[in-house]
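**Q** Attaching a single structure in C-alpha cells format; questions to follow.
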Amino acid sequence: MRGARLGGATGAVAGPVIWAAGLALPFALDSSWVSIAAFFAIYAITALSEDVILGRAGMFDMGHAVYFGIGAYVTAILNTTLNVPILLTLPLAMLLAAAAGALLSAPLIRLRGDYLLVATIGFNAIFVLAMQNDPGGITGGSDGITGIGVPSLFGLQLESQSAMFWLDWVVLGAVLLVMRNLDRCEFGRALRYLKQDELAAGTLGVDARAVKTLAFALGAALAGLAGTLFAVQLSTVSPSSFVFTESVTLFAIVIVGGQGSIPGVLLGTALMFVVPQIFRGLAEYRYFVFGIAMVAVMVLRPQGLLPRRRAVT
Amino acid sequence: MGTFIQQVVNGLTVGGIYALIALGYTMVYGVMRLINFAHGDLCILGAFVGLSLLTGAAGSGHTGAALLLLAFVVSIIAIAVAGVVLERIAYRPLRKADRLAAVVSALGASLMIENGIMLVWGPQVHVFPAGLLPATTWHFAGATISFVQVMIILASLVLMAALYAFVNHTRFGTAIRAAAIDQDAARLMGINVNRVITSVFIIGPGLGAIGGLFIGIYYREAYFTMGWTYGLYAFIAAILGGIGNIPGAMLGGVLLGLFNAFAAGYVSSSWQDAITFGLLIAILLVRPSGLLGERVAEKV
C-alpha cells in the first residue's frame, strides 16, 4: 500500500514536469522532428481515447479509427465548404464523434467480447467505403479533402510547425488531466467494477448499459478531438488514414503498453509511431521487425510494458 | 436468368474458398478461444510457396496437372509446419495469460508473415502461370462456367465432407470436439490436449494453404497484403456460421460467397464490402452467436 502511494506521488510530480519539459521541444528539435512530436501528441490522444473503451471499460473496440476519422472529416468539411473556423469545428467534431460512438455501440454492447470486436471491424470497413464512395459529394472520394485552413487563436494564426505542436501538446495535456481524473471519479470506478465483474457491479447499482454507452461516447469524443488536430496538422484528410489497420494499431498500443495505464499507453504510442520514424532507413524491414517485436513483448510481458499499478482507491 | 446462374456459380466458387480458410479460424477458436489473425497470411503464404514451385519448375518438362499437384502437396506441408511453429512461438506461452495478449500476439504474427512475404517475394503483384489447367468452359443458360470453377467447387466440397467425417467419426476427431467443449475435462479423460492443439494447427493451415492456392489460381494473381483481405472474409464467414462450429464455417463461407457475388452483380461493386459488413452486423444483432452457433448462456 505504502509503495503504491509513494509511486502515485512521484507520478503526480513526474508527469507534469515531463509534460512541461515537452513544451521546449520546438527549441531543441529541427522541424521534421517537431512535426513527428506533434503527430505523437495526436496519436497519443487517440490511443488514450481507445484506452477508455478497451483498457478501462474492457470492451473490444477494433474500429476506433472511425471516431478519429469522423472528427477529421467534420473539421475538413465544415472548414473547406462553410469556412467555419477550425477551433469552432472542434466541439462539433467531438460531439458528432460522441454521438456516433453512443449510437453505434448502443445495440452492440450486449454482444460477447469477440463479437463486439468483429462488429466494430465491420463499422470501420463501412466507414472507409462510405468516405471513398463520396456520398452527397461531400467527402471527396478516395482523394479526400485538401486545403484545410489553420486555426487562429485570439487573432493569431497558428501557422508554424512549432505553433501547431504547442496546440497539440496543450490539448494532450488537457486529455491527460481528464484521464487522470477518470481514475478517481465515480464513473471511472464504475468502469473498473464493470470490467472486473459485471454481475457484481450490477448489484452495486451500476447501470452496465448506460456506463458502457457513456464510455464509448467519451472515448469517441476524445478520438474526434484528435481527428480535428490530425486534419489541421496535415491540412488534408483521406480515407486511407482511417482504415482498419489504424484501428488495429490503436488496439495493439493499448495492449502492448498496458491497459488502463497512462504511462503505458504513451510508451506504446511512442513505440508504434515514433520508433518507426527513427528507423526510416530500414523501411523494408520495419514492419517485419515490428511484428516480431509485438509477439515478443506479449510473450515476455503479457500484461503490457508498463502495466497499471494495482489500485487507485 | 443467365446473370443469376452466373452469380450462383461465382458465389459458390469464392464461397468454397472462404469456407476452406474459415475452417482454420473456427477450429482454432473452438479449441483455444483465440482469433488467429495470422491465419489469412498463412494461407496467402501457401499461395506464394505454390507459385514459386510452379514458376521454378516451369521449364522442367513436367505436365500441368502433375506439377500443380506437387505444388499443392509442398504448399500444404510447408504451411502446416508454419502453423505448428506459429502456435509454439506465439500462442502456447500465452495460454494462461489475458486473452487480449494472445490477440495482439496474433496481430504481430500477421504483420510478421505479411511483411516476410514482401521481403522474400517483393511487393509487386505476381501473376500465376497460364495453361496449368484446361481452359475448357461450359455455357449453360447464358452463364459461363470455367474448368477452374468446377474444380474449386468440387474440391472444396470433398475436403469439407472429409473434414466433417474426420471430426465426427474418428477417435481423434472426438478428442478435438472434447477439447473444444472443455479442455480441463478432456485432459481428465486422458486426452492429450497439446496434441489436439497441434493437430488443429496442422489441419487448419493445411486446408488454408489449399484455399490460398485456389485464390491464386482463380484470380491468377498473388500479392503480399492479400492475407488480410481474404483472411478477414473467411473470418466473417466463420462468425456468420457461429465461430467454433465446423459446419457453421462451411455454411458461412458458402453463404458469404453467394451474398458477395449477388451484391456485386446486382447492387454495386463499390459498395459490395459495405453490404457484406452490414449483413454481418445485422446477423450478429439478431443471432449474436451466428447462424449455427450454440446460444452461449450469459455468464452468471
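From first to last, the protein sequence lines stand for chains A and B.
End of the first sequence = 313 in UniProt numbering, gap-free, step of one.
End of the second sequence = 300 in UniProt numbering, gap-free, step of one.
C-beta: ideal position from N, C-alpha, C; glycine also.
Give me the Cα-Cα distance between V158 of chain B and Y164 of chain B, rounded to the nearest whole angstrom.
**A** V158 of chain B and Y164 of chain B: Cα-Cα distance of roughly 10 Å.
**Q** Quick check: is the beta carbon of A90 of chain B nearer than 9 Å to any beta carbon in chain A?
**A** Answer yes: the Cβ-Cβ gap between A90 of chain B and chain A drops below 9 Å somewhere.
**Q** How many whole angstroms separate the CB atoms of T13 of chain B and A249 of chain B, which I take to be in contact at a CB cut-off of 8 Å?
**A** With 8 Å as the limit, T13 of chain B and A249 of chain B do not qualify as a contact, their Cβ atoms being about 17 Å apart.
**Q** Determine the DSSP secondary structure at Q6 of chain B, reduced to helix, strand or coil.
**A** Helix at Q6 of chain B.
**Q** Throw me the rounded Cβ distance for the A208 of chain A and A201 of chain A pair, which I believe falls under 8 Å.
**A** About 7 Å; that satisfies the 8 Å criterion.
**Q** Please classify Q157 of chain A as buried or exposed, where buried requires at least 16 other C-beta atoms within 10 Å of its C-beta.
**A** Exposed, because fewer than 16 other Cβ atoms sit within 10 Å of the Cβ of Q157 of chain A.
**Q** Tell me whether Q157 of chain A sits in a helix, a strand or coil according to DSSP, three-state version.
**A** The answer is strand: DSSP assigns Q157 of chain A an E or B state.
**Q** Tell me which same chain residues have a C-beta within less than 6 Å of the C-beta of L167 of chain A, skipping the five on either side of it?
**A** Once the five neighbours on either side are set aside, the close Cβ partners of L167 of chain A are L158.
**Q** Starting from H139 of chain B, follow the beta strand (DSSP E) in both directions and report where the run begins and ends.
**A** Per DSSP, H139 of chain B belongs to the beta strand (DSSP E) from T137 to F140.
**Q** Please decide whether residue 336 of chain A counts as near chain B, where near means a Cβ-Cβ distance under 9 Å.
**A** With chain A running from 1 to 313 in the structure shown, residue 336 of chain A is simply not present.
**Q** Just checking, does the region 63-73 of chain A make contact with the region 182-197 of chain A on the three C-beta pairs under 8 Å criterion?
**A** These segments do not touch.
**Q** Can you list, in chain order, the residues of its chain whose CB lies under 8 Å from that of K299 of chain B, leaving out five sequence neighbours each side?
**A** With a pLDDT of 37 at K299 of chain B, under the threshold of 50, the modelled position of this residue cannot be trusted; read the value that follows with caution. Within the same chain, K299 of chain B has no close Cβ partners at all.
**Q** Report the partner residues of V237 of chain A according to the DSSP bridge assignment.
**A** A:I145.
**Q** Assign C185 of chain A to one of two classes, buried (16 or more other C-beta atoms within 10 Å of its C-beta) or exposed (fewer than that).
**A** The residue in question, C185 of chain A, is exposed, as its Cβ has fewer than 16 Cβ neighbours within 10 Å.
**Q** Interface residues of chain B around A283 of chain A at Cβ under 9 Å?
**A** Chain B residues near A283 of chain A: none, gap ~11 Å exceeds 9 Å.
**Q** With distances taken from CA atoms, which of B:Y18, B:A78 and B:A38 is nearest L51 of chain B?
**A** Ranking the options by Cα distance to L51 of chain B, first place goes to B:A78.
**Q** Could you confirm whether any beta carbon from chain B is found closer than 9 Å to the beta carbon of Q277 of chain A?
**A** Output row for Q277 of chain A: interface = no.
**Q** Between S75 of chain B and G101 of chain A, what straight-line distance do the alpha-carbon atoms span, to the nearest angstrom?
**A** Taking the straight line from one Cα to the other gives about 44 Å.
**Q** Please list, in chain order, all residues of the same chain as G34 of chain B whose beta carbon is under 8 Å from its beta carbon, the five residues on each side excluded.
**A** According to the sequence displayed, residue 34 of chain B carries Leu and not Gly. Around L34 of chain B: V28, Y91, R99, A102, V103 and A106.
**Q** Which one or two residues does DSSP pair with S152 of chain A in a beta bridge?
**A** Answer by DSSP bridge pairing, in chain order: A:Q157.
**Q** With H, G and I counted as helix, E and B as strand and the rest as coil, what does DSSP make of I145 of chain B?
**A** Three-state result, I145 of chain B: strand.
**Q** Could you work out which residues of chain B lie near I292 of chain A, taking near to mean beta carbons separated by less than 8 Å?
**A** Simply G108 and M112.
**Q** Which chain A residues sit within Cβ distance under 7 Å of S270 of chain B?
**A** What S270 of chain B touches in chain A: N133.
**Q** List in chain order: all unbroken alpha helix (DSSP H) runs of 4+ residues lying wholly within the region 215-297 of chain A.
**A** Correct list: 244-257, 262-269 and 275-278.
**Q** Check whether the Cβ atoms of F288 of chain A and M226 of chain B lie closer than 9 Å to each other.
**A** Contact flag unset, no.
**Q** Please confirm if R110 of chain A has its CB atom under 9 Å from at least one CB of chain B.
**A** At least one chain B Cβ lies under 9 Å of R110 of chain A.
**Q** Quick one: give me the first and last residue of the alpha helix (DSSP H) that R112 of chain A is part of.
**A** It is not in any alpha helix (DSSP H) - R112 of chain A carries neither H nor E in the DSSP assignment.
**Q** Identify the residues that DSSP records as bridge partners of H126 of chain B: which are they?
**A** BP columns for H126 of chain B point to B:A222.
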